[in-house]
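The block underneath contains the structure these notes are about, expressed in structure tokens.
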Amino acid sequence: MFKAEESSRGSFLQQTKAAREERAHEKDREAAVTVIQAYVRGWLARIRFTKKILEEFDINFPDDCTKLDANIELQLALHIYRVTSRFLIIYKRERDQERIEKLCRYLVQTLQSESPKFSYVGVALNKDHYISWILQMKTILNHCLIGLDSLKPEISSDHTSILLRLYTLVSFTSPASWAILKVEGMEKLRTGMSQLCANIMGHLVNNGFYAIMQTLLVKGLGRAEVSSISVALSAAVTLTLRPLISSQMSDKLVSLFLINIFSVPALVYHLNMLCPECISSFIMHNLFARSLELLNSEQNLRIVFNALEGSYALCLLSNLIQLANIEREEVLRDTYFPSFTFVVTKMLEACQQYVVAKQSNITHWHPILGWFAQSVDTPLQEAIPYVTSQLACLWTGRIVLQLIGQPLTELVSKESPPQLEQQSTSISTNIFRRAFLEARTNRNNSNKNYRKLGSPECTKIALICSMYQTALHTLTQMKQDILTGLCYQDKILYHMWLFLGTLGPHCGLKAFLDHLAANTKCTAPEFQMLILFCDCMTHYVTILDDMEMYEQQDPFKLSDFITMSFFLNQFLYKAVLNNLFVRVSGFLADLEKRRGGAALLLSKMPHVIPHSERVVLFRKHVANEKAVMGLTESACNSPPTTLIVVHRKILHRTRIVEDGYRQLAMLPPQALKGVIRVRFVNEQGLAEAGIDQDGVFKEFLEETIKRVFDPSLNLFKATSENRLYPSPTSSMQDNHLQLFEFVGRMLGKAVYEGIVVDVPFASFFVSQFSGQAGGTLYNCLDELASLDRDLYRSLTLVKHYKGDVRQLELTFSLDEDVMGKLVTHELIPGGRAEAVTNQNKIRYIHRMAHFRMHTQIKEQTAAFIKGFCSIINPDWLSLFSTPELQRLISGDNVPLDLRDLRRHTQYYGGFHDSHRVVCWLWDILEKDFTEEERGLFLKFVTSCSKSPLLGFAHLEPKFSIRCVEVGDDEDTGDTIGSVIRGFFTIRKKDPQIRLPTSSTCFNLLKLPNYQKKSTLREKLRYAVTSNTGFELS
1 MFKAEESSRG SFLQQTKAAR EERAHEKDRE AAVTVIQAYV RGWLARIRFT
51 KKILEEFDIN FPDDCTKLDA NIELQLALHI YRVTSRFLII YKRERDQERI
101 EKLCRYLVQT LQSESPKFSY VGVALNKDHY ISWILQMKTI LNHCLIGLDS
151 LKPEISSDHT SILLRLYTLV SFTSPASWAI LKVEGMEKLR TGMSQLCANI
201 MGHLVNNGFY AIMQTLLVKG LGRAEVSSIS VALSAAVTLT LRPLISSQMS
251 DKLVSLFLIN IFSVPALVYH LNMLCPECIS SFIMHNLFAR SLELLNSEQN
301 LRIVFNALEG SYALCLLSNL IQLANIEREE VLRDTYFPSF TFVVTKMLEA
351 CQQYVVAKQS NITHWHPILG WFAQSVDTPL QEAIPYVTSQ LACLWTGRIV
401 LQLIGQPLTE LVSKESPPQL EQQSTSISTN IFRRAFLEAR TNRNNSNKNY
451 RKLGSPECTK IALICSMYQT ALHTLTQMKQ DILTGLCYQD KILYHMWLFL
501 GTLGPHCGLK AFLDHLAANT KCTAPEFQML ILFCDCMTHY VTILDDMEMY
551 EQQDPFKLSD FITMSFFLNQ FLYKAVLNNL FVRVSGFLAD LEKRRGGAAL
601 LLSKMPHVIP HSERVVLFRK HVANEKAVMG LTESACNSPP TTLIVVHRKI
651 LHRTRIVEDG YRQLAMLPPQ ALKGVIRVRF VNEQGLAEAG IDQDGVFKEF
701 LEETIKRVFD PSLNLFKATS ENRLYPSPTS SMQDNHLQLF EFVGRMLGKA
751 VYEGIVVDVP FASFFVSQFS GQAGGTLYNC LDELASLDRD LYRSLTLVKH
801 YKGDVRQLEL TFSLDEDVMG KLVTHELIPG GRAEAVTNQN KIRYIHRMAH
851 FRMHTQIKEQ TAAFIKGFCS IINPDWLSLF STPELQRLIS GDNVPLDLRD
901 LRRHTQYYGG FHDSHRVVCW LWDILEKDFT EEERGLFLKF VTSCSKSPLL
951 GFAHLEPKFS IRCVEVGDDE DTGDTIGSVI RGFFTIRKKD PQIRLPTSST
1001 CFNLLKLPNY QKKSTLREKL RYAVTSNTGF ELS
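The numbering of the sequence shown is the UniProt record's numbering, which starts it at 1 and goes up by one.
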């Protein structure tokens, strides 16, 4: 019973609780409905309110208000002011862009009215609305300005909107166009109105005006084809200048202008072309001088640079440079030095440091600054050609003439070129005689007034030169253009040479050395001046052709080059060793002791050591390396040996290239540097008699080189002068690059072992595998003559063409017939569309030469160099110039020294130096043979027509003459009987019908025991002239 009562009570309580919760939920729902209804009513009210205001606005500003040439019926300004105030309350950027343009068009139209009732400016004359009108105008112009950010100048409709908005901003930020101020009695308000406009302009500046204008200008100008027409461009620049003018060029606003506006790529370039009145405005307000004044403070310059990316800082610099090129003469005289020089130098240094700091694994190529990590900026990249032309004003326009040309001309107008005093520089010169000559020279020089390093005029020239030197290191991709500009501008380089001559005897040698003691890192401006002169002179020499160098000699004479060389050799020698006259033996001793000065000097100036001594040094390097690797008998009882087998064929002479390549190509360089033994196998598969004691390997090497360098194989081609170079069409040969590498290794092995091979290379190719082609003195055009003399002459004619080169209708491309198909090669990207002009013809001829000698055969050359340098250390090659390396390969190009050859000849088979036949031989060679025939004789017995570099004492094996009684097929070697008969000239058989023969692998002449001198002369001449050997027919 009690349980039933408890159950009903619990149920009752639960129902009561549920009812209470339901009532609470009902109240919440009612409250929520009230809130939602309030929000909805509010939203609907706002919609109705917005709609009402927009309808009101649309009624007062019809659609034709957006047309710039529309005739609008003006309404009362106060009415428009109230309508506009209501409109600005509900303004939304995404919805109301067209309406804000209608408003702008109408407001601008009202400024043409002289009536305060209709002119919108008239509202500002009402003291009740003055403050609110200013706030309203700031809001309208701010909306107008912000809208520019999303417009694209290249779109026609957007371009119209840009013009309207810029026109509105121009109209309301200056009272110049307000008709109301022209009414009598209203002129006195102009000053106040100007201040009002300045106030509005200040508000815009504080709300991102310059950033938005920068974006707009970059969109319009940062492209290959400029989108901004002159009206819009002029309006934009006029607007950006107004804050500067009203603030009287304050530091803050000038900084903002430089950071945002003057960093726009090629701004001044386009203004000069499209809106010259803007350039006039810059000049009138002394913008150039004021900018330099601001940037002359290192702190300000750092602030400006840090606010920009490196590329845009470069654009700022290029705009300043072109503006300097346009500025008035009197302004330039006052600002070029030191202000302009300082600013340009510091900005270039900052760009250089920026590039270094941005080096990383992920880089992009910049057409001016080179490789560094940078974001891809399409507008900037497209504007780079204009920026490049602006920067070029620094070394091609008025700037370079006024900055350094005129000062140098004034300083050296009465100077003569430095002269080299006649004196002996022989190592063995008596020290007292040298001292006497130097004392006499010093007395002569004491009569001349020299300038001192550190004097005002010297410091000025040095700082300007330092600026150009910094440009060379920063604008790395324009280095050639900078050097060309300085070399060909109004004899600037020659006047710099004359100026150096005013610094003391031998171009101020002692002054520079004294200065070096105090500034060992050569960072002083005076050294930058010297380095700039050397860089320019190096470039000048490389672009001179033979006619200019030797025939015209204008302005530099050959005597100037001699004096220059003397000065530079002396300066570097003394700077490195601090002692000019040292004996070669002492120098080499220092080198062997690894003393830094001697090694440095040899790497930079190998020509100061006689060629023969450098060859000895090269052989020492080889011997030392062999000893270190255990490849000599003194270092190892049994040095490692590699045996290769080569098959001979009667019909095809030999499979020497195939067998040699198959067995040697895969050997590591260390094995190839060791002893290589060769076993020849005949057609029957039997090994030929004979032991290889280097002679058979020499024959193998000579035969290999003879075959692979034969032009019929198409690995190498011959020039018109029978000089060899890689064939551009060698790719028709299977695995041609591996063959080139093999050829390089074989030639390297020949040089490594001191084996002279008669392979005449074209000098341009020797320059490449010797490393000379990468040097600063390398000249593509000079080397071109060694490849194609006709092309060299044609390019020289282009270089000296007096008229407009465009008349020749040349482009940066080359048409070539490749196996019956016409192929066009572009010398630069897009070269077939770029015409050759007077301005770029130097670049054209060098590009053409570079393509023919490098680009066409770069893969073949790289493979050859890889093989050659795997045997020969590239550092060793730096000891020799290009002709010297050819001599190292092919022997000395001097007349055959018969006395030296006879002194180092060995005799066998009964012959001796006083033997009758031997005496006849030497007499015939000396008196009866021509120089050409003597060369053929040397080639007949050694396979090379040229003498070893260090004389026949270094010929391996030694030259030998052996008396033979029978032919080569019957010859079994010397016997006691044959030696006795040879010694006493006893004939076993009459040798009259037999010819002299040779074994070039052993440098051996096999000479029958002739009974008459005339017979020997006849047979020897026939033998040497019939030996075709390796000829390029």
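Here a beta-carbon is modelled for each residue, glycine too, at the ideal position from N, C-alpha and C.
Extent of the continuous alpha helix (DSSP H) run through residue i
| i | result |
| --- | --- |
| Pro874 | 874 to 877 |
| Tyr1023 | Inspection of the sequence shows that residue 1023 is occupied by Ala rather than by Tyr. Its alpha helix (DSSP H) spans residues 1013 to 1026. |
| Asp481 | 479 to 487 |
| Leu151 | No alpha helix (DSSP H) contains Leu151, which DSSP labels as neither H nor E. |
| Ser813 | No alpha helix (DSSP H) holds Ser813; the beta strand (DSSP E) holding it covers 813 to 818. |
| Ala324 | 310 to 326 |
| Ile72 | Segment: none, Ile72 is in no alpha helix (DSSP H) and carries neither H nor E. |
| Val964 | Not the alpha helix (DSSP H): Val964 falls in the beta strand (DSSP E), residues 960 to 964. |
beta-carbon residue i near the ligand NAD non-hydrogen atom, thresh 8 Å
| i | result |
| --- | --- |
| Ala18 | With respect to the ligand NAD, the structure offers nothing, as it holds no ligand at all. |
Contacts around residue i, its chain only, beta-carbon distance under 6 Å, and the 5 residues preceding and following it disregarded
| i | result |
| --- | --- |
| Leu163 | Ala232 |
| Leu580 | Per-residue confidence for Leu580 stands at a pLDDT of 43, beneath the threshold of 50, marking its modelled position as unreliable; the derived number appears in the next sentence. Excluding residues within five positions, the ones whose Cβ falls inside 6 Å are Tyr573, Lys574. |
| Gly405 | Asp490, Ile492 |
| Lys1006 | Arg962, Val964, Thr997 |
| Tyr661 | Phe742 |
| Cys275 | Ser230, Leu233, Ser234 |
| Ile691 | Below a pLDDT of 50, predicted positions are generally treated as unreliable, and Ile691, at 46, falls in that range; no measurement from the model is reported. |
| Gln906 | Lys958, Ser960 |
| Pro711 | Lys717, Ala718 |
Cβ shell of residue i (< 7 Å), same chain only, five flanking positions each side left out
| i | result |
| --- | --- |
| Thr139 | Leu88 |
| Leu995 | Lys1019, Tyr1022, Ala1023 |
| Ser945 | Asp758, Gly935, Leu936, Leu938, Lys939 |
| Tyr752 | Val622, Lys673, Ile871, Ile872 |
| Ile986 | With a pLDDT of only 48 at Ile986, under the threshold of 50, the placement of this residue in the model should not be trusted; the figure read from the coordinates follows. The answer is none, since no qualifying residue turns up. |
Inter-residue CB distance, residue i and residue j (contact presumed, cutoff 8 Å)
| i | j | result |
| --- | --- | --- |
| Ala462 | Gln528 | 7 Å |
| Leu739 | Leu701 | Actually they are not in contact, since the Cβ atoms of Leu739 and Leu701 sit about 16 Å apart, beyond 8 Å. |
| Gly370 | Thr476 | 4 Å |
| Val678 | Phe709 | In fact, because the Cβ distance is near 19 Å, the residues do not count as touching under 8 Å. |
| Pro418 | Thr538 | Not a contact, Cβ separation roughly 18 Å. |
| Ala266 | Tyr386 | 3 Å |
| Asn207 | Asn142 | 6 Å |
Run of the beta strand (DSSP E) containing residue i, from where it starts to where it stops
| i | result |
| --- | --- |
| Thr824 | 821 to 826 |
| Lys1006 | 1004 to 1008 |
| Thr997 | 997 to 999 |
| Ala718 | 716 to 718 |
| Tyr908 | 906 to 908 |
Sequence-distant residues of its chain with Cβ nearer than 8 Å to residue i (five each side left out)
| i | result |
| --- | --- |
| residue 1034 | Past the edges of the chain, shown from 1 to 1033, lies residue 1034, and the structure says nothing about it. |
| Gln733 | Leu713, Asn714, Leu715, Leu739 |
| Arg290 | Met249, Val254 |
| Asp969 | Confidence at Asp969 is low in this model, with a pLDDT of 48, below 50, so its placement is unreliable and the value that follows should be read with caution. Closer than 8 Å at the Cβ level, and outside the excluded window around Asp969, lies no residue. |
| Gly771 | Pro874, Leu877, Ser878 |
| Cys458 | Arg451, Lys452, Leu503, Glu526 |
| Tyr336 | Ala324, Ile399, Gln402, Leu403 |
| Phe432 | Residue placement at Phe432 is flagged as unreliable, the pLDDT there being 45, under the threshold of 50; the coordinate-derived value follows with that caveat. Taken in chain order, the list of residues that qualify is empty. |
| Ile865 | Gly744, Gln768, Phe769 |
| Thr474 | Leu348, Glu349, Cys351, Gln352, Val355, Leu369 |
### Query
Counting Cβ pairs, one atom from each stretch, are 3 or more of them under 8 Å apart for the stretch 76 to 86 and the stretch 116 to 133?
yes
### Message
Does the stretch 229 to 245 come into contact with the stretch 159 to 178, if we say contact requires no fewer than three beta-carbon pairs (one atom in each stretch) closer than 8 Å?
### Response
Judged by pairs of C-beta atoms under 8 Å, the stretch 229 to 245 touches the stretch 159 to 178, as three or more such pairs exist.
### Query
Counting pairs of Cβ atoms below 8 Å between the stretch 233 to 244 and the stretch 165 to 176, do you hit three or more?
yes
### Task
Taking 8 Å as the threshold, find out whether the stretch 347 to 364 comes into contact with the stretch 297 to 312 through three or more Cβ pairs.
yes
### Task
Any chance you could list the alpha helix (DSSP H) runs of at least 4 consecutive residues sitting entirely within the stretch 341 to 406, in chain order?
341 to 357, 378 to 391, 393 to 396
### Within the stretch 90 to 135, ranges of the alpha helix (DSSP H) (whole runs, at least 4 residues)
97 to 110
### Contact the stretch 16 to 35 vs the stretch 49 to 65: 3+ CB pairs below 8 Å
As far as the Cβ criterion goes, the stretch 16 to 35 does not touch the stretch 49 to 65, which means the pair count is below three.
### Task
Taking 8 Å as the threshold, find out whether the stretch 779 to 791 comes into contact with the stretch 802 to 821 through three or more Cβ pairs.
no
### Task
Mind the definition here: the stretch 217 to 225 touches the stretch 376 to 383 only if three or more C-beta pairs lie below 8 Å; say whether that holds.
The stretch 217 to 225 is in contact with the stretch 376 to 383.
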